[in-house]
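Down below is the structure, laid out as structure tokens.
Chains as they are written, first to last, in the UniProt record's numbering: chain P, 1 to 105; chain H, 1 to 225.
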């Protein structure tokens, strides 16, 4: 439970970088897609798991790299943090996918 | 209280084409403060990170009580590391950090009701002075049940009153923990350490009397005159 809270905390920190990039991509995706809302969800989900995610890890490292020791002192490695953040994003993408299915069912 | 021994052996670390650490051996027992001195760029922080397990290296052998660990920090209750710069998230208030770090009510209470922490519980880390922040970080790590603490420049840039307060804290926990301390405030390190080791030319050299620091060119000859 304690570790889960730390994973969630790291995920929230990454989202601060990830969300603006993903939103930007989703708006562009919506603009160029024939089905606006689907384009938005697809663009957002894809960006959340790929480019924006990589950028968020990079920017977090640049700005808050020292804070990895906050987690290391609790026995959590950098790889575990990144994998957990990715999985949480993947869960978010699955929820958005379900929402998309409901929307066009 | 059972004694524990941390040994860092055969540590080799290369940076570019230069061998920064060449076959290092360093040990520390619980109840002991080992002072690690060395000039800028000699590899003190790198050595601490290698012992902690977060710095990949060409070769290392870290043992606690004879058992080898590849990444000691992943094993709870072994080792904690206080890095040179603050490691606390700046978006959490101190009371939240305490709650995230400790589930045990007695540990939380020990920090929350500490006379020097209590007034700052609702503040963010960057609202504290450097001395207050360093003190809080150390207090946090000392509450962990680790056997060894690696302190990277704990006295750097803090006022003398906080240096003494930090020393008091270390003494309080000395019966259950071992400390490896590196700092450029060599007079304090020499004063508080049971053993002093100088990291020079990639190797650890035991310092038996402070004058040897002059011989190795770490401090000027005037330092002890």
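Ideal Cβ placement from N, Cα and C applies to all residues, glycine included.
Since we're looking at a predicted model, the values are computed, not measured.
Annotation: residue 44 of chain P to residue 22 of chain P spans about 5 Å, alpha carbon to alpha carbon.
Residue 18 of chain P has a beta carbon lying at 9 Å or more from every beta carbon in chain H.
The C-beta of residue 106 of chain H has fewer than 16 other C-beta atoms within 10 Å across all chains shown, which makes the residue exposed. Our two residues, residue 29 of chain H and residue 81 of chain H, have alpha carbons roughly 16 Å apart in a direct line. With at least 16 other beta carbons inside 10 angstroms of its own, residue 147 of chain H counts as buried.
Membership of residue 185 of chain H in any beta strand (DSSP E) is not indicated, and neither H nor E is assigned to it by DSSP.
Of all residues in the stretch 1–25 of chain H, none has a C-beta nearer than 9 Å to a C-beta of chain P. Within the stretch 1–16 of chain P, those residues whose Cβ lies closer than 8 Å to any Cβ of chain H are, in chain order, 1, 2, 5, 6, 9, 13. Relative to the Cα of residue 17 of chain P, the nearest Cα in the group P/48, P/1, P/92 belongs to P/48.
Under DSSP, residue 5 of chain H shares a beta bridge with H/29. Residue 61 of chain H: member of the beta strand (DSSP E) spanning 59–64, first to last residue. Taking a C-beta cut-off of 9 Å against chain P, the contacting residues of the stretch 48–72 of chain H are 52, 53, 54, 71, listed in chain order. Within the stretch 116–132 of chain H, not one residue has a Cβ closer than 8 Å to any Cβ of chain P. Shown here for residue 84 of chain H: same chain residues with a beta carbon closer than 8 Å to its own, the five before and five after excluded, namely 45, 152, 153, 156 in chain order.
With fewer than 16 neighbouring CB atoms inside 10 Å of its own CB, residue 70 of chain H falls in the exposed class. If the five residues before and after residue 28 of chain P are omitted, its C-beta is found closer than 8 Å to the C-beta atoms of 43, all from its own chain and listed in chain order. In the three-state scheme derived from DSSP, where H, G and I count as helix and E and B as strand, residue 22 of chain H is classed as strand. In this structure, the CA atom of residue 108 of chain H is about 39 Å from the CA atom of residue 10 of chain H.
Under a 10 Å Cβ-count criterion, residue 126 of chain H is classified as exposed, with fewer than 16 other Cβ atoms of the shown protein chains found around its own Cβ.
The residues 112, in chain order, have a CB closer than 8 Å to that of residue 118 of chain H in the same chain once the five nearest residues on each side in sequence are set aside.
Sequence-distant Cβ neighbours of residue 57 of chain P in its own chain, meaning closer than 7 Å and more than five residues away, are 14, 82. Scanning its chain for C-beta atoms nearer than 8 Å, with the 5 sequence neighbours on each side dropped, one finds around residue 74 of chain P the residues 2, 3, 6, in chain order. Only residues of its own chain outside the window of five on either side were considered, and among them 18, 21, 22 have a CB closer than 6 Å to the CB of residue 52 of chain P, listed in chain order. DSSP places residue 214 of chain H within a helical segment (H, G or I) once states are collapsed to three.
Contact of residue 89 of chain H with chain P is assigned, a C-beta pair being separated by under 9 Å.
Interface flag for residue 61 of chain P against chain H is unset, since no Cβ pair is found closer than 9 Å. Residue 74 of chain H reaches chain P at 75, 77, counting residues in chain order whose Cβ is nearer than 7 Å.
Contact with chain P is found for residue 101 of chain H, since one of that chain's Cβ atoms lies less than 9 Å from the residue's Cβ.
Secondary structure note for residue 81 of chain H: it is in no alpha helix (DSSP H), and the uninterrupted beta strand (DSSP E) holding it is 79–82. Contact between the stretch 171–185 of chain H and the stretch 208–216 of chain H is not established, with fewer than three Cβ pairs separated by less than 8 Å. Pairing residue 220 of chain H with residue 181 of chain H, the inter-Cα distance amounts to about 22 Å.
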